Amino acid sequence: MSKDFYTQFILPYAGIIIKICRAYTDSEQDFEDYYQEICFQLWKSRGNFKGNSKWSTWVYRISLNVSLSLLKRDKRLIKKNVELPEIADNLQPEHHLFDDQALDFLYQAIKKLPDLDKAIILLYLEEKSYKEIADIIGLSVNNIGVRIIRIKKKLKTLLDGKIY
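See the structure below:
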């Protein structure tokens, strides 16, 4: 990957990649692996970008697809190799990539959502329109609206009393 590509096409959109990586990982090592793989896939797929949407939409789409693929791979590896103990259901910040405890609680709650719901709420929190979210995810605008209402209710339940 050239430095020019990174500077022009990845660095300005690093915030998108960071938020998605943070929602789908639990450790700094995984975070770094996901980030690196997303950057590589953006570079590798740059020739497939036709300009029918904004580059930021492409970054979201690639970032989500890569994260979901890596998550599925990681789950298969864990099932094959290691039996892990039950993880407590209570929300506790696992690591502090940022110092804001409320933000840590929010990301921990988001991590408890199904994969598709995680993607939708991350895009919603980025203030993407329902149409933009629908284009990125591949669902109808109405479906996105219904899902967002349900996701908000789930998050409210998970966060009840955790954020002041």
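In this note's numbering, the protein residues as written are -17 to 146.
Backbone N, C-alpha and C fix where the C-beta goes; we use that ideal spot for every residue, glycine too.
As the structure is a prediction and not an experimental result, all values here were calculated from the model.
- Given a length threshold of 4 residues, each whole run of the alpha helix (DSSP H) inside the region -8 to 45 is given here in chain order: -4 to 6 and 10 to 26.
- Per DSSP, the continuous alpha helix (DSSP H) segment holding tyrosine 89 begins and ends at 83 to 93.
- Around the C-beta of arginine 55, fewer than 16 other C-beta atoms lie within 10 Å, and the residue is accordingly described as exposed.
- Going by beta carbons, isoleucine 2 and tyrosine -12 fall outside the 9 Å limit.
- For the region 97 to 129, the full-length alpha helix (DSSP H) segments reaching 4 residues or more read 97 to 107 and 112 to 119 along the chain.
- When the alpha-carbon of tryptophan 37 is set against those of Leu140, Asp117, Lys94 and Ile131, the nearest one is in Asp117.
- Serine -16 carries a coil assignment under DSSP once its states are collapsed to helix, strand and coil.
- When the five nearest sequence neighbours on each side are left out, the beta carbons in the same chain lying within less than 7 Å of the beta carbon of tyrosine 42 are those of Ile(-2), Leu105 and Ile118, in order along the chain.
- By alpha-carbon distance to leucine 107, the top candidate from Ile92, Ser35 and Lys(-15) is Ile92.
- In this structure the region 22 to 34 does not lie against the region 109 to 128, because fewer than three pairs of beta carbons, one per stretch, are closer than 8 Å.
- A Cβ-Cβ separation of about 10 Å leaves serine 51 out of contact with tyrosine 6 under the 8 Å criterion.
- If you ignore the 5 residues before and after phenylalanine 13, its C-beta comes within less than 6 Å of the C-beta of Cys3 and Thr7, all in its own chain and listed in chain order.
- With a contact defined as Cβ atoms closer than 8 Å, aspartate 99 and isoleucine 133 qualify at about 5 Å.
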